[in-house]
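First residue of the sequence shown: 362, per our numbering; consecutive thereafter. Input: a single structure, listed below in structure tokens.
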Amino acid sequence: MFTELSITSNFTFLTGASHPEDYVNRAALLGMEALAIADDNSVAGIVRAHTQARVIARAVKERAAFDALHGLIGPPRPDHIPAPPRAPVTVTPRLIPAARLVFTDAPPITVLPENRAGWRSLCRIISAGRLRADKGHCDIQLRDLEDFADGLHLLLWPQVQTVQGGAGDWVQTAGRLTRRFAGNIHVLMVPHYDGRDTARFDRIADQAQRLGLPTLASAGPRMHHGARRKLADVVTAIRLKCRVDALGRAALSNGEGRLRGEAEMLRLFAGHEAAVHRAGALAERLTFSLDQLRYEYPSEITDNETPGQRLERLAYAGLKWRYPSGAPEKAQTLLRHELTLIAKLKYEPYFLTVRDIVHFARSRGILCQGRGSAANSVVCYCLGVTSVSPEMGTMVFERFVSEARDEPPDIDVDFEHERREEVIQHIYQTYGRHRAGLCATVVHYRGKRAIREVGRAMGLTEDTISALSSQLWGFFSTKGLEAERMAEIGLDFRDRRLRQTIELVHEINGFPRHLSQHVGGFIITEGRLDELVPIENATMEDRTVICWDKDDIDSLGILKVDVLSLGMLTCIRKAFDLLRMHHQQDYTLATLPPEDPRVYDMLCAADSIGVFQVESRAQMNFLPRMRPRNFYDLVIEVAIIRPGPIQGDMVHPYIRRRNGEEEVSFPSDELGQVLGKTLGVPLFQEQAMQIAIVGAGFTPDQADRLRRSLATFKKHGSVSEFRALFLRGMRRNGYADDFAERCFSQIEGFGSYGFPESHAASFALLVYASSWIKCHYPGIFACALLNSQPMGFYAPAQIVRDAREHGVEVRPICVNASFWDNAMEPDGRGGLALRLGFRQIKGLSEEDASWLTAARGNGYQSVQDIWRRAGLAPGIIVRLAEADAFASAGITRREALWEAKAIAPGPVLPLFATDLDGEVVDEPTALLPEMTLGEQVVEDYVSTRLTLRAHPVGLLRHILTPGAAPVEVMPTSEQAPDLSKISFTRGNPD
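Shown next as structure tokens:
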């Protein structure tokens, strides 16, 4: 049986024209028992093909079991009626991992690992080439292949010439490698489909025979089906940055470069049939599978302690730390139960790794907070991973970490967004770059990018491309490109090129464009990471990433530690520092006064500007209706304004039941246990999963597949495939169709954005913490929020305005009083005022502010003072003047700007630094017009994006509201001067 051993997928970016999954599906239809995805210098796409092969195997097994149980469905077909066209799938393709290595000093070679040692060698080779080059490039040399040769089988590409200045043709390379890989080399024969393949095959076969090497046939497919030819040309044009019309020889001459079955290959290779059969024979030798990868998590053994002993010691020490007066019996019981379950599943090293990372962060004063189903546990509370205590907690530990499902624990740790890099570099230093790396993120083609790049390749004008992009609803959508919409924007959908472009946009949607790095998912191994998966340099300095994304590693059962960043943690930590400095109060997330009624009163009034998670307009509109009065209300508040509950129409029924307008009822006693906490209305992702298990009768395997489909932003909408199964199961168990439809709509909403209860509980703690600080110390909260920008919904102007409405005195930027950060200073009345910092000035760096404050001494008296003492460039002094930072020195904005423009760039010349016996020209003082309030407000926004003078609309209130007094009354005793021709700043001499 023929096996295709050199397939190019679309993970050879902008070259291959089919997904790895497409090849596996096509191979199943062709009856091909195995295939090898061999992308250029990459194995990024093979896990997807491997996963799809599993899906097909499961479907074939289920169908065989169904046929064995029920037999054929319907009456038999009479003999005189011809059989309808059908494509039965009875063969499960097996993926053979591979890569096509493109050398800098030799022709390309497809490398096939025969066993685990071969896979280890392949990963080391690709890693060496990737780490030698910048992100997106690879510098593999032939000596890399010779250095890591164990367990590899080679397929030489004789048709491809080496790069100019290389080490000669493929014959020389073959002779060099024969000594090292004797018996493990084939010469590849790939058709060009140009009418000269027969002669080419004969020539290659003769050369291979003289070398003593066998030949092997391959179709060299770049697409799974010939229908992808147009798309193949488009991605080539995008790669070459030209139009499809200008591709020339780079375009495919036909659509023959596709995946082929054995019969077609024998016809193509007539006279060389043995080369076709050798492919199948070689495939039988290549027994390595990705299922053989045995991922080993770091053992975390220290000081002769086993991981279990160390975890138990740290957990009980943490119990005494969390409960100085003695832990309640409930917490002790839960801790013993959780430690027993963790020991059974052998997850002690994972919890220890997370604990060590968190311990490092706390030792550096970096605020962090764990979340996730496993994070909301007594173990994590005692280890300091989370501050959500068992009294607050709402999760059952086994909900995701269970002995029956044997699923990996889910712990994400959020760190301050300004200091997360310290934690990342600590992980690299602790485990080494050969044992730790970040996951990849595959950047896919979506609506606007697809239209932009395909449109340019097809030769559309930029105006047409912009018009097409304007019809997209949402960044990830390709809907709205119908003929009617085209006509509305003046485009003729009957135009052949435009219609082809739209078809290709739909076709390329979902294609991988390039690899990026995950926001913080770390893979850490006991042995070498680059023997498990290739690693490469990231764009950011001092970071390395693997080539698989989080779905890939989840499919292979590899654990990751999520090291994420959160701006609100930075804000809360800075607020805690300010409280310690000015009020001598030392708080942590776990020691804030709980269940403060004033905090809930503030939230019920929708006074939540700047508060974590509940500051959006939708949340502010919902807070007075929800009226939270305890911590669990905040958990629901965080989770309810999400696509899942909204799409499933769960929000209004919950509010009606909460307000007593509707009776609380449950569809059944079983679902009552699932939905009791939320008044019979499913709101959380875990509840949607439990409904599928309890209500629709999902098997553990089906529930696991549903969980995986809900785990992330899915690229192809895989949740909907469970619809019929879910509705049928709910109906079978006696639930109303309307309820079943609403539940599944909610599940589909979670497929776009899943928000589980475990994460909501952790976020609710941050909601409470930020609300508590804002309620009791609004000035400190505003100061910390401004110092943590950019973050959140609101601009600094809105944050300052909200602080002033809460009675906070806000003082302007001042060269003699401000620092880089916004700061709290005594207001002279026993309180504190908020002094705006230099960070609010656009274009001013922290380094410039440091020089200014370091040289300030007893204060600056003039603009020239700053230039001489701080050594700031004239352009920086201009920015200070534009921000009116000299007002405290009695210098108005225009006067300061006038003086700043007079400063010549460069060092001060001593000869002209002082008056030389009156010979220096004394420039007369300029009498500059005073700025109006409106002009001051405009300049404030231009320079600092906020103003302390007046709201812009307030200047127009007397116009918008007849009878209202104007904010500023212009003098009417004299005619206003004509200022249209007056320059308020110095011009350049030239």
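Think of the CB as a built atom: it goes at the ideal place given N, C-alpha and C, for glycine as much as any other residue.
Could you please give the first and the last residue of the uninterrupted beta strand (DSSP E) stretch that includes residue i?
| i | result |
| --- | --- |
| Ala1215 | Looking at the DSSP string, Ala1215 is not in any beta strand (DSSP E); the run it does join, the alpha helix (DSSP H), is Glu1207 to Ala1215. |
| Asp773 | Asp773 to Glu777 |
| Arg732 | Cys729 to Arg732 |
| Ile1141 | Careful: Ile1141 lies outside any beta strand (DSSP E), inside the alpha helix (DSSP H) at Pro1139 to Asn1148. |
| Met550 | Ile546 to Met550 |
| Pro1187 | Ala1184 to Pro1187 |
| Glu897 | Ile896 to Asn898 |
Bridge partners of residue i, per DSSP?
| i | result |
| --- | --- |
| Ala801 | Gln878 and Asp910 |
| Pro458 | Ile398 |
| Ser926 | Phe776 |
| Phe464 | Ile501 |
| Phe372 | Phe372 is not bridged to any residue. |
| Met584 | Arg619 |
| Phe883 | Leu799 and Val922 |
| Ala636 | Partner(s): none; Ala636 has no beta bridge. |
| Ile1417 | Look at the range of the chain in this structure, 362 to 1351, and you will see that residue 1417 is not part of it. |
| Leu1193 | Pro1187 |
| Arg1369 | It is not possible to answer for residue 1369, since the shown part of the chain is limited to 362 through 1351. |
With 16 other CB atoms within 10 Å as the buried threshold, where does residue i fall?
| i | result |
| --- | --- |
| Met550 | buried |
| Gly377 | buried |
| Gly536 | exposed |
| His441 | exposed |
| Asn386 | buried |
| Ser724 | exposed |
| Val1314 | exposed |
| Ser370 | buried |
| Arg409 | buried |
| Ile850 | exposed |
| Leu430 | exposed |
| His514 | buried |
| Thr451 | exposed |
| Gly529 | Any reading at Gly529 needs caution, since the residue's pLDDT is 45, under 50, leaving its predicted position unreliable; the model's value is listed next. It counts as exposed. |
| Ser379 | buried |
| Gln790 | exposed |
Determine the extent of the alpha helix (DSSP H) in which residue i is found, giving its start and end residues.
| i | result |
| --- | --- |
| Ile970 | Segment: none, Ile970 is in no alpha helix (DSSP H) and carries neither H nor E. |
| Val416 | Ile407 to His431 |
| Thr576 | No alpha helix (DSSP H) contains Thr576, which is instead part of the beta strand (DSSP E) from Thr576 to Ala578. |
| Asn982 | Arg978 to Met987 |
| His514 | Looking at the DSSP string, His514 is not in any alpha helix (DSSP H); the run it does join, the beta strand (DSSP E), is Leu513 to Leu517. |
| Val815 | Gly808 to Ala818 |
| Ser488 | Arg477 to Leu492 |
Report back the beta-carbon spacing between residue i and residue j to the nearest angstrom; my notes put them in contact at under 8 Å.
| i | j | result |
| --- | --- | --- |
| Asp1182 | Asn1148 | 5 Å |
| Thr364 | Ala692 | That pair is no contact at about 58 Å. |
| Ile703 | Val784 | Not confirmed; about 23 Å, so no contact. |
| Gly731 | Cys743 | Contact doesn't hold; Cβ gap of about 12 Å is too wide. |
| Leu1294 | Leu1316 | 7 Å |
| Ala399 | Ile368 | 6 Å |
| Ala1155 | Ile970 | The amino acid at residue 1155 is misidentified as Ala; the sequence shows Tyr. With 8 Å as the limit, Tyr1155 and Ile970 qualify as a contact, their Cβ atoms being about 6 Å apart. |
| Cys484 | Val894 | 6 Å |
| Thr905 | Gly798 | 5 Å |
| Lys1203 | Arg1318 | Contact flag wrong, Cβ pair sits at about 28 Å. |
Is there contact between the stretch 619-633 and the stretch 577-593, where contact requires at least three CB pairs shorter than 8 Å?
-> These segments touch.
Are three or more beta carbon pairs between the stretch 1250-1261 and the stretch 1289-1309 nearer than 8 Å?
-> Flag = yes, the stretch 1250-1261 and the stretch 1289-1309 touch.
Cβ pair count under 8 Å reaching 3, the stretch 556-572 against the stretch 494-506 = By the Cβ criterion, the stretch 556-572 is not in contact with the stretch 494-506, since fewer than three pairs of Cβ atoms, one from each stretch, lie closer than 8 Å.
Between the stretch 958-966 and the stretch 805-817, are three or more C-beta pairs nearer than 8 Å?
-> In this structure the stretch 958-966 does not lie against the stretch 805-817, because fewer than three pairs of beta carbons, one per stretch, are closer than 8 Å.
Any contact of the stretch 448-465 with the stretch 865-877, i.e. 3+ C-beta pairs under 8 Å?
-> No, because fewer than three Cβ pairs between the stretch 448-465 and the stretch 865-877 fall closer than 8 Å, the two stretches do not touch.
Looking at C-beta atoms only, is the number of pairs between the stretch 1049-1058 and the stretch 1019-1035 that lie closer than 8 Å three or more?
-> Because the criterion of three Cβ pairs below 8 Å is met, the stretch 1049-1058 and the stretch 1019-1035 touch.
Any 3 or more C-beta pairs closer than 8 Å across the stretch 393-411 and the stretch 454-462 | The stretch 454-462 and the stretch 393-411 touch, with three or more beta-carbon pairs separated by less than 8 Å.
Tell me, please, whether the stretch 639-656 touches the stretch 914-921 by the rule of three or more beta-carbon pairs shorter than 8 Å.
-> Touching, per the Cβ criterion.
Is the stretch 938-954 close to the stretch 1152-1169, with three or more CB pairs under 8 Å?
-> By the criterion of at least three beta-carbon pairs nearer than 8 Å, the stretch 938-954 is not in contact with the stretch 1152-1169.
Should the stretch 900-919 be called in touch with the stretch 1086-1100, which here means at least 3 C-beta pairs below 8 Å?
-> When Cβ pairs closer than 8 Å are counted between the two stretches, the stretch 900-919 is seen not to touch the stretch 1086-1100, the count staying below three.
Count the CB pairs spanning the stretch 415-430 and the stretch 604-621 that are closer than 8 Å, and state whether there are at least three.
-> By the Cβ rule, the stretch 415-430 does not count as touching the stretch 604-621, because fewer than three pairs are nearer than 8 Å.
Counting pairs of beta carbons, one from the stretch 474-491 and one from the stretch 872-880, are three or more of them closer than 8 Å?
-> Short answer: they don't touch.
Is the stretch 1131-1146 touching the stretch 1191-1201, taking contact as three or more C-beta pairs under 8 Å?
-> Three or more beta-carbon pairs drawn from the stretch 1131-1146 and the stretch 1191-1201 are found closer than 8 Å, and the two stretches are therefore classed as touching.
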